[in-house]
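Colleague: For reference, each letter of the sequence shown is one residue, going 332 to 699 in the numbering used here.
Note that beta-carbon positions come from the ideal geometry of N, C-alpha and C, so glycine has one too.
Source: prediction; values computed, not measured.
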Amino acid sequence: MKIVGYIFAAIGALSFIGAASAGHSVFGPLFWLALGIGLIFFGRKKEEKARMDNENKETRTVYESTAESIVNQAPAVAEKSEIKEEETKVETKSYWERYKTENSEKSSQLSSLYGIDFSLLTEKDIRERIGTVDRLCHQYQCIIPQLKDRCMKDMEQFPLSFMDRMIEMTEKEMEQEAINFNISKKNTACALLLDWMKERKDFLEMNDVYNKPTKEEESLDDQLSPEESFKKRYSGILVKQIGNNANIPLFCVGYDSPIAHELMDVMYAFLKDKAEKEKADRLGYGKRYVFIITEETEKIVKKYCHAALQECIEYYNFPNKEVVTSFRCPHCGSWKVWNEDYGFECGECGCTWHAPLGYNLYLDLDNN
């Protein structure tokens, strides 16, 4: 259309110039000129409209393609987001929680073997203790629940006189084992064996030291001072009260040991016994009477009940109250306690706390 318009416009313009110069009528040339200009104008309009339609079509195509792409990618993006959230949740779990999920039975056996809550340990300590137990089980060719019994069975061939030497040698081996496996001494197999050796030694002493005295020993008893004689008699009563329950911890998960109550019954009975107190005054150890009782009781509960005397006292007088002393960690129950300038610190979980030193017998309470 534009080309035709240019032709008509050219013809009209040339005709107009010729007619005007010759003095003829210019109406005809003007018609052709106007027609050509009109065709050029409408041709340009048509091209502009076609160009706009084409651009709109391309825009719609791009928009539809983008929308379709977004729709198709939406599930994949959502799936990636869900996977990322799951990975984040997994990462927030502690090493021990992940280990328990994958090894439910074994994790329970490990906690029972050590008698502690593994969630309170660092990842390094957990990994090292798991490796130690695996090595021991491989050495004894047994599963975890059988491990302690196998080790204790091996110790039965050694008499009491050998135990101190065995403990000394194992302590030296513990240092070498820590170096060889690049682990902490507390996480070595020797550290675990040492606990069992000491338990075995306590058992042997219980059945060897406090058995029926021989005639020679009875003769020696006659040579003891009144104070020493009372100490031996009082200690013997405490040990006899324990009987076959030696080495049962005072605090067990879900179990209130009756041993503490029985030993405290004995202790408070002597503290309130007027006849015993008068006898002590008469024989010259009356001023030390209370001290002797608390000192001897402390030895027994530490040695056979794995508890401090003040723990027993608190537990006996306030059974429904949380026991907090300087001897045991109130958080994880560990006996590895350090007395620092800022208070007491647990060697197992790192917990710190404050507790009074010394004894409080609560002799003014009604139940005493």
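By the DSSP assignment, the alpha helix (DSSP H) with G462 in it spans what residues?
Modeller: 454-471
Colleague: Counting Cβ pairs, one atom from each stretch, are 3 or more of them under 8 Å apart for the segment 481-499 and the segment 511-530?
Modeller: yes
Colleague: May I ask you to list the residues that DSSP assigns as paired with K677?
Modeller: The displayed chain sequence assigns Cys, not Lys, to residue 677. Paired residues: V668.
Colleague: Does the pairing of the segment 433-441 with the segment 491-504 give three or more beta-carbon distances under 8 Å?
Modeller: no
Colleague: Check this for me: beta carbons of S679 and S657, under 9 Å apart or not?
Modeller: Note on identity: in this sequence residue 679 is Glu, with Ser being the wrong assignment. Contact: no.
Colleague: Residues bridged to T683 by DSSP?
Modeller: Paired residue(s): E676.
Colleague: Please report how far the alpha carbon of M505 lies from the alpha carbon of Y620, in whole angstroms.
Modeller: Roughly 42 Å between the two C-alpha positions.
Colleague: Only counting the same chain, and skipping five residues up and downstream in sequence, which positions put a Cβ closer than 7 Å to that of C660?
Modeller: V668, C677, E679, C680, C682
Colleague: Measure the beta-carbon distance from E602 to I624 and round it to whole angstroms, keeping in mind my assumption that it falls under 8 Å.
Modeller: For clarity, residue 602 is Leu in the given sequence; the question names Glu instead. Rounded to the nearest angstrom, the Cβ distance from L602 to I624 is 6 Å, consistent with a contact under 8 Å.
Colleague: Quick check: does the Cβ of F534 come within less than 8 Å of any heavy atom belonging to the ligand ADP?
Modeller: In terms of ligand content, the structure shown is empty, and the ligand ADP therefore cannot be addressed.
Colleague: Ignore the nearest five residues each way along the sequence and tell me which others in S442's own chain have a CB closer than 8 Å to its CB.
Modeller: If you ignore the 5 residues before and after S442, its C-beta comes within less than 8 Å of the C-beta of D448, F449, all in its own chain and listed in chain order.
Colleague: Rank K431, N434, Y471, T628 by C-alpha distance to the C-alpha of I568 and give the top, closest one.
Modeller: T628
Colleague: Looking only at its chain, what residues have a beta carbon closer than 8 Å to the beta carbon of L594, apart from the 5 residues adjacent to it on each side?
Modeller: L569, Q572, I573, T628, I631, V632, C636, C643
Colleague: Just to confirm the assignment, what range does the alpha helix (DSSP H) spanning T519 have?
Modeller: Run containing T519: none; DSSP gives neither H nor E here.
Colleague: Between the Cα of E692 and those of A686, H685, F622, spot the shortest distance and give me the residue it belongs to.
Modeller: It should be noted that the sequence gives Leu, not Glu, for residue 692. When each option's Cα is compared against that of L692, the closest is F622.
Colleague: Among G446, K634, K516, whose alpha-carbon lies nearest the alpha-carbon of P476?
Modeller: G446
Colleague: May I ask you to report which of helix, strand or coil DSSP gives E653?
Modeller: coil
Colleague: Among E671, K618, A522, which one has its Cα closest to the Cα of M500?
Modeller: A522
Colleague: Could you check the C-alpha separation between G585 and S425 for me, to the nearest Å?
Modeller: Unreliable positioning characterises G585 in this predicted model, as indicated by a pLDDT of 35, which lies under 50. The coordinate reading is nonetheless provided below. If you take the alpha carbons of G585 and S425, they lie about 25 Å apart.
Colleague: If we count the other Cβ atoms within 10 Å of its Cβ and call it buried at 16 or more, is K605 buried or exposed?
Modeller: exposed
Colleague: Run through DSSP, which three-state label would I631 get?
Modeller: helix
Colleague: How about Y646 and A600: do their beta carbons lie closer than 9 Å?
Modeller: no
Colleague: Does the beta-carbon distance from V464 to L451 come in below 9 Å?
Modeller: No; because the gap between Cβ atoms is not below 9 Å, this pair is not in contact.
Colleague: The alpha helix (DSSP H) that contains S450, what's its start and end?
Modeller: Run containing S450: none; DSSP gives neither H nor E here.
Colleague: If you follow the alpha helix (DSSP H) that P557 is part of, which residue opens it and which one closes it?
Modeller: Judged by DSSP secondary structure, P557 falls within the alpha helix (DSSP H) whose first and last residues are 557-573.
Colleague: For I498, which residues from the same chain have a beta carbon less than 6 Å from its beta carbon, with the 5 sequence-adjacent residues on both sides left out?
Modeller: Counting only Cβ-Cβ distances below 6 Å, and skipping sequence neighbours, we find M528.
Colleague: Whose C-alpha, out of S515, N513, A686, K503, is nearest the C-alpha of E653?
Modeller: A686
Colleague: Pick out whichever of N434, I457, N670, R564 has its Cα sitting closest to the Cα of E607.
Modeller: Looking only at N434, I457, N670, R564, the smallest Cα-Cα distance to E607 is reached by R564.
Colleague: Assuming contact is defined by CB atoms lying nearer than 9 Å, are D456 and N513 in contact in what I supplied?
Modeller: no
Colleague: Taking Cβ to Cβ, would you say F561 is nearer than 9 Å to A638?
Modeller: no
Colleague: When the Cα atoms are used, what is the spatial distance from G674 to W684?
Modeller: 6 Å
Colleague: Just to confirm, are I474 and Y430 a CB contact at a threshold of 9 Å?
Modeller: no
Colleague: Hey, would you say W427 sits closer than 9 Å to E454, going by beta carbons?
Modeller: Contact: yes.
Colleague: Less than 9 Å separating the beta-carbons of E558 and L467?
Modeller: no
Colleague: Between which two residues does the alpha helix (DSSP H) containing E645 stretch?
Modeller: 640-648
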